[in-house]
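S.K.: Note that numbering that gives the first Met the number 0 gives residue 125 to position 126 of the sequence shown, counting from 1, and the numbers run on in steps of one.
This is the structure, below, for whatever I ask next.
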Amino acid sequence: MRYIGEDPLPLAVTAQAFAAAVHGVVTEEETPALELLLGAAQDVVTTATNVPPAPGLYEFTYPVHDWRRWWFPCRPVTSVAAIAVTDTTGAYVDRDITGVQLLQGHDEPQLLLPEGWLTRSDAGAVVRIQAEAGAALSPGLWRAIMALTREWREADITISGDIEPPRGSFGVQRLIRQARYRRPQISAGC
């Protein structure tokens, strides 16, 4: 899964929101470093949960073999924008998406291709799916980003030398586990 939207992904938690939530003051000089920590924490949380950090256009690739149904590796997915399949040179060739269905987009997103959409000549190719995915971040994931950033920020202040920074606390791990999406299958014939 790769974000391909025109605008950069926004931070789910801004430096100002972080400062307000932890009842602290973030100086103008600290803001860039804090935004890097917030971005890194957002990446960790969204990767661990398979939940996109913000709504936008994402790209997914998967090898073509004998399947018609493919489960997206994240949720929610709101629409399919385009599908392309590699040709013999490896270049992507756009395909008509008439008849392609998005099923259970909010709970267990699946792409269902019409009968005969993939042909024998597509064997060994790669399909590229561009889809709108993501929604506003849930309060639990917002809290996980906040807590992880706070832990990392405190570790940077108090830990020096050869001591390794601690892993995410039990609370952060719990928040992530509660929101994690695991697709039940990757692909299936129909």
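Beta carbons are placed, not taken as given, at the ideal position from N, Cα and C, and that holds for glycine.
(1) For G115, I'd like the list of residues in its chain whose CB is within less than 7 Å of its CB, leaving aside the five on either flank, ordered along the chain.
(2) Who pairs with P108 in a beta bridge, going by DSSP?
(3) When you compare each of V125, R181, G170 and M145 to F59 by their alpha carbons, which one comes out closest?
(4) In its own chain, which residues sit with a C-beta less than 6 Å from the C-beta of S186, not counting the 5 before and 5 after it?
(5) Do L102 and L111 have their C-beta atoms closer together than 7 Å?
(6) Using the three-state DSSP reduction, which class does D95 fall into: helix, strand or coil?
(7) How about the region 78-90 and the region 136-143: do they share at least three Cβ pairs that are nearer than 8 Å?
(8) Per DSSP, what kind of secondary structure is R152 in: helix, strand or coil?
(9) What does G23 pair with, by DSSP beta-bridge criteria?
(10) Leaving out five residues before and five after R1 in sequence, what residues of the same chain have Cβ atoms less than 7 Å from its Cβ?
(11) Return the bridge partner residues of E131 from the DSSP annotation.
(12) With 16 other CB atoms within 10 Å as the buried threshold, where does T97 fall?
(13) For the beta strand (DSSP E) that contains Q100, what are its first and last residues?
(14) In terms of residue numbering, what span does the beta strand (DSSP E) encompassing R68 cover?
(15) DSSP three-state label for T85, please.
M.R.: Let me spell this out:
(1) For G115, there are no CB contacts under 7 Å within the same chain when 5 residues up- and downstream are skipped.
(2) Answer is none; P108 lacks a bridge partner.
(3) V125
(4) W66 and W69
(5) yes
(6) Coil at D95, not helix or strand.
(7) The region 78-90 is not in contact with the region 136-143.
(8) Correct three-state label for R152: helix.
(9) According to DSSP, G23 bridges with nothing at all.
(10) Y57 and E58
(11) L56 and S78
(12) exposed
(13) Q100 to L102
(14) Residues R68 to W70.
(15) strand
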